[in-house]
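Enquirer: This is the structure, below, for whatever I ask next.
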Amino acid sequence: MSGFWSRLISLTRKEFRQLLRDRSNLAIGILLPMVLILIFGYGMSLDVKNAPVAVVMEDASPTAHEAIAGLQLSPTIAPVLLGSMHDAEELMRERKVDGIVRIPSDFSRALAAGNARVQLIVHGADAGRATIILAYVSGALAQTAVRQADRLGSTSGADAPPVGNVTVEQRMWFNAANTSTWYLVPGLIVLIMTLVGAFLTALVMAREWERGTLEALFVTPVRPVEILLAKIIPYFGVGMLGLALCLLAARFLFAVPMYGSLFVVVFSSMLYLIVAVSLGLVISSVTRNQFLASQVALIATFMPSMMLSGFLFDLRNVPTAVWVIGHVLPATYFMDLIKTLFLAGDVWPLIWRNCLILLAYAVGLLMLARAVTRKSLD
Amino acid sequence: MTALIDFFARVANLCRKELLTILKDPATRAILIAPALLQSLIFGYGATYDLTNVPYALLDQSRTGAATELIAHLDSTGVFHRVATLRTQADIREVIDTEKALLVIQIAPDFERQLSAGQPAPIQLILDARNSNTAGSAAGYVNAVVERYNAELRTRAGAPPTPLVIESRAWFNPNLETRWNLLPGMIAALSMLQTLLLTALSVAREREQGTFDQLLVTPMSPLEIMIGKALPPVLVGLVQSSLILLVAMFWFGIPMAGSLVTLYTGLIFFTVASVGIGLSISAVSANMQQAMLYTFVLLMPMMLLSGLTTPVRNMPHVLQVITLANPLRFAIDLVQRVYLEGVGLGTVWHNLIPLSIIAVVTLPLAAWLFRNRLV
C-alpha cells in the first residue's frame, strides 16, 4: 500500500511539473475562465432593454400621443418618433430599429368611434427579442385601449354595469432582479468545469498516446490505475482553481446570490469535475490522436453543455429526441444542480437526485476509462 | 511565365498533400462531416426560446365558475399542463423548488366577487425564475390568455368592446421561430469551430514531427507554403457550411431569401479570415497541444461575442468594440441578413471589410512567422 502512495505522489509531482511547464495549459486553466467570467457577466444578456422602436405618428392629435405615452416611460423599449412610414421601413431594413408602431392618420376619430387600428411590425431576425417587444408593445397599447373604452362607456351615459377585469400580479422567484446574469454566471461554472476537465484532459492524454509516452509508462512497475490517478489530479486541481475564480467573481463582481450552502456547491462541483476528467480520459484513450481527441471533446462536451444542458434553452420545450440527448449528458444534471444551489437554495430532493446521478456517471466513466486503458496494453 | 507556372505547380502539390493528410484517415473524414450535420439537426430542434410545454400548479381558493373558466382558457392553449392542484399556500414552495411546476397560479377566495363587482380581480402568478428568460416568456403567455379572457368578459357584460385593434406582424420570420435565426448563424459558427482547429494544427503538427523544417528547405517560399496550407481548410470549411445550409433549407425548410452568390462571397471572405487566424496560431505554437489550447482560448470568446446566442446590441460598449476583431460577428450578421432578409452585397458589403482586414493581416503574418520563428 505504501508503494502505491509513494508511486502516486511522485508521479503526480511529475505531472504537475509537466502541466506548469507549458504556459498554454495555464492559459486554458486560468486565463480562459477569467475571460469567460467577464464576457458572461458583462457581455451576454438576453434581457431586452431600450430596444429602439420607430413610432410613426400619422395622427398628431393629443389622443394619439396619449396612446403611446405608455411606451415612452418603459425601460424595455426606446421609442423613436418619426413622420413617415417610409423612413421607418428604411430604418428597419438597416436594422436600426427592432420594430415599427404605426398610428394611422384617422386614429383619434376611429378611436372615438370604437374601431381604431394600430399597426405593429417587428423585425423577426432575432425571434426571441421580437417576441418580447411584440408582447410588450401590444400590452402597453391594450391598456390604453381599455382605459379609452371605459371612458367611452361613461361618456355615452349608458347605464352599462362596470366590468371587472382580471389582473395578473407576477412574482419572479429566485431571480428578483430578473436579470439573465444571475443564471448565466452559475451556468458558466458548468462550462468551465467541462472545458478544463474534459477538453484539457482529453488533449493532454491524447498527446501522450500519440507520442507513445503512455505506453512507455505502462512498462514501468507503476500500475495503470496509478498512472490514471496521477494524470487526473493536476487537472482536477486546475478545475478547482477555475471554480474558485468563478465563485469569487459571482460573489464580488456580479453579486449573484448563493442561497445554497457553499459546501454542497463545492462538493457537487468536485463530483462533476471527476465526471468531466474521466470523460476526457475515455475520449483520449479511444481516439489516441490529438486532432481527433480535440474535435471529439469539443463536439461531445463543450457544444452540448452550452446548447443542450438547459443553460440557454429550456429543455422542457424541446422535442423528445433532443430531450433524451440532453438527459444523457452529465452536464444537464450539474446545470440543474448548480442553478438551484445558487438561486433557490438547498432543495434536498434535487440535490440528492442529481448528485447520485453524477456519482453514477463518475463511477461508470472511471471504470470505462480504466477498461479502455487496460485493453490498449494488449 | 515559367516562374508563375512553377508557383502554381508547387502550391497545387502542397495542397494535394495537405488534403490527403486531412482526408486519408476515415475517422478524420467522418469527424469533418458528421458533427456538422448532427449538430445542425440537434441544435435546430433543441435551440429554441419558444415555449411549448409549461407545467403549472393551480391553487384555486375561490372555487368559482369564473376561476374555472379562466383556467380552461389556459388549458386550451395546449402549452400549459396542470401537474398539481394545491390546497394551501404552503404547498407552493415545494412544487416550485423541486421544479415540478414552472409556475403556480393562485386565485384568491374573493376573486369572483371582485370581478362581478366590476373591480379588478388580481390573480397571483408565481414563477420559477432560475431561468429568467423562460419565466418571462411564460408570464407573457399567461398575460395574453388573461387579456383574451378580459375581452370576453367585456363582450358578455355588454360593455363596449376595446376600441383598439393591434395588427401585428413580423418581418423576415412570420412565426417568430428561434430556429430561423439560429440555423443561418450556425452556417458560419459551426464550420469555424472545426476549420480553425484544423488549420491551427496543420503547421503545429509538422513542427512537432519535425517535417516543417524539411518543408522550409524545399524550394517553396513562405508565401507558397502559406497558400498551400490555407486552401485545403478553406475548402473543408466551405463544404461544412454548405452542409448546414442544406439542412437549414431542406430539412427545416427555412426559406433562403437571398442569393447564393452573395452568401458564398461572404462565406469565402469569412473562411479565409478564419484560416488566417488559424495559421497565425499555428505559427506561434511550439506544438499541437499549444495550438489547440490557444485556438480554444480564442474560439470561446469569439463564439460568445458573435451574436449567435445573445445579441451584440445587448453588450456593453467596450465589448461591442472588441467584437470588431471577431470575424464570426460579421459573418453571422452577413449570413443572417442574406438568408432571412434577402439583402444583396450592396447592403452587407461593410461586413466584408473587417473580414478582409483580418485576412490581410493574419495571412502574411503567418507566412512571415513560418520563416522567422523556429521554435
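Protein sequence lines, in the order shown, are assigned to chains A and B. Residues 55 to 432 (the numbering used here) make up the first sequence, in order. Residues 364 to 738 (the numbering used here) make up the second sequence, in order. We put the CB at the ideal spot given by N, CA and C, even for glycine.
(1) Output the distance between the C-alpha atoms of G211(A) and Q202(A), rounded to the nearest integer angstrom.
(2) Could you spell out the range, first to last residue, of the beta strand (DSSP E) harbouring A420(B)?
(3) Going along chain E in order, which residues have a C-beta closer than 8 Å to the C-beta of Y419(B)?
(4) Go ahead and pull the three-state DSSP assignment for N714(B).
(5) Is V647(B) close to chain A, meaning its C-beta is less than 8 Å from at least one C-beta of that chain?
(6) Going by DSSP, what residues sit across from I468(B) in a beta bridge?
(7) From I742(B) to L726(B), what distance separates their C-alpha atoms?
(8) Contact check, A533(B) vs V176(A) under 8 Å by CB: the rounded distance?
(9) For L165(A), which residues from the same chain have a beta carbon less than 7 Å from its beta carbon, with the 5 sequence-adjacent residues on both sides left out?
(10) Should M651(B) be flagged as near chain A, meaning a C-beta pair shorter than 8 Å?
(11) Does the Cβ of G433(A) have 16 or more other Cβ atoms within 10 Å, making it buried, or fewer, making it exposed?
(12) Just to confirm the assignment: which complete beta strand (DSSP E) runs, minimum length 3, are found wholly within the region 388-449 of chain B?
(13) So what does DSSP say about S479(B), is it helix, strand or coil?
(14) Give me the Cα-Cα distance between D432(A) and A423(A), rounded to the nearest whole angstrom.
(15) Could you name the residues of the same chain whose beta carbon sits closer than 6 Å to that of L138(A), not counting the 5 residues immediately before and after it, in chain order?
(16) Let me confirm a value: Q577(B) is counted as buried when at least 16 other C-beta atoms fall within 10 Å, else exposed. Which label applies?
(17) In whole angstroms, what is the alpha-carbon distance linking I720(B) and E569(B)?
(18) Should I695(B) and L662(B) be called a contact, given that it needs their Cβ atoms to be closer than 8 Å?
(19) Taking Cβ positions only, does Y627(B) come closer than 8 Å to chain A?
(20) When you compare only the Cα positions, how much space is there between L268(A) and P106(A)?
(21) What's the gap between the Cα of P485(B) and the Cα of I470(B)?
(22) Step through the CB atoms of chain B and report whether any lies within less than 8 Å of the CB of I353(A).
(23) Give me the chain B residues within the contact set of S138(A), using Cβ-Cβ distance strictly less than 7 Å, ordered along the chain.
(24) Check whether the Cβ atoms of V110(A) and L125(A) lie closer than 8 Å to each other.
(25) Alpha carbon to alpha carbon, what distance is there between E571(B) and R265(A)?
(26) Using the Cβ count rule (16 or more neighbours within 10 Å means buried), how would you classify L395(A)?
(27) Within this structure, are the beta carbons of T461(B) and P311(A) separated by less than 8 Å?
(28) Less than 8 Å between CB atoms is the rule here; does G211(A) satisfy it with respect to chain B?
(29) Name the chain B residues that come within less than 8 Å of F253(A), Cβ to Cβ?
(30) Between which two residues does the beta strand (DSSP E) carrying R433(A) extend?
(31) Given that P373(A) touches chain B, what residues does it touch there, using C-beta distances under 7 Å?
(32) Could you check what DSSP says for I550(B) in three-state terms: helix, strand or coil?
(33) Would you list, in chain order, the members of the region 386-400 of chain B that have their beta-carbon closer than 7 Å to a beta-carbon of chain A?
(34) Specify the secondary structure class of G182(A) as computed by DSSP and reduced to three states.
(35) Taking all protein chains shown into account, decide if N544(B) is buried (16 or more other Cβ within 10 angstroms of its Cβ) or exposed.
(36) Of the choices I82(A), G364(A) and A132(A), whose alpha-carbon is the least far from that of P240(A)?
Expert: In this structure, then:
(1) In this prediction, G211(A) scores a pLDDT of 47, lower than 50, which makes its location untrustworthy; the coordinate-derived value is nonetheless stated afterwards. Each residue's alpha carbon lies about 14 Å from the other.
(2) Membership of A420(B) in the beta strand (DSSP E) is indicated by the continuous run V417 to D423.
(3) Included in the structure are the protein chains A and B, with no chain E among them.
(4) It is helical.
(5) no
(6) L421(B) and L488(B)
(7) The structure shown has nothing for residue 742(B), since chain B only spans 364 to 738.
(8) 5 Å
(9) T117 and Q202
(10) yes
(11) The question about residue 433(A) has no answer, for chain A in this structure spans 55 to 432.
(12) Correct list: 417-423 and 443-448.
(13) helix
(14) Caution applies to D432(A), whose pLDDT of 48 falls short of 50 and renders its modelled position unreliable; the value that the coordinates give is listed next. Their backbone Cα atoms lie some 15 Å apart in a straight line.
(15) The identity of residue 138(A) in the sequence shown is Ser, whereas the question assumes Leu. Nothing meets the Cβ criterion.
(16) Under this definition Q577(B) is an exposed residue.
(17) 28 Å
(18) Annotated as distal: I695(B) and L662(B), with beta-carbon spacing of 8 Å or more.
(19) no
(20) 59 Å
(21) Straight-line Cα distance between these residues: approximately 8 Å.
(22) yes
(23) From the beta-carbon of S138(A), no residue of chain B is found nearer than 7 Å; the closest lies around 18 Å away.
(24) no
(25) 10 Å
(26) buried
(27) In this structure, P311(A) does not lie closer than 8 Å to T461(B) by Cβ.
(28) Its pLDDT being 47, under 50, G211(A) is placed unreliably by the model, and nothing is read from it.
(29) F659
(30) The requested residue 433(A) is not part of the displayed model; chain A covers only 55 to 432.
(31) Y408
(32) helix
(33) Cβ proximity to chain A below 7 Å picks out A390, T391, I394 and P398 from the region 386-400 of chain B.
(34) helix
(35) buried
(36) G364(A)
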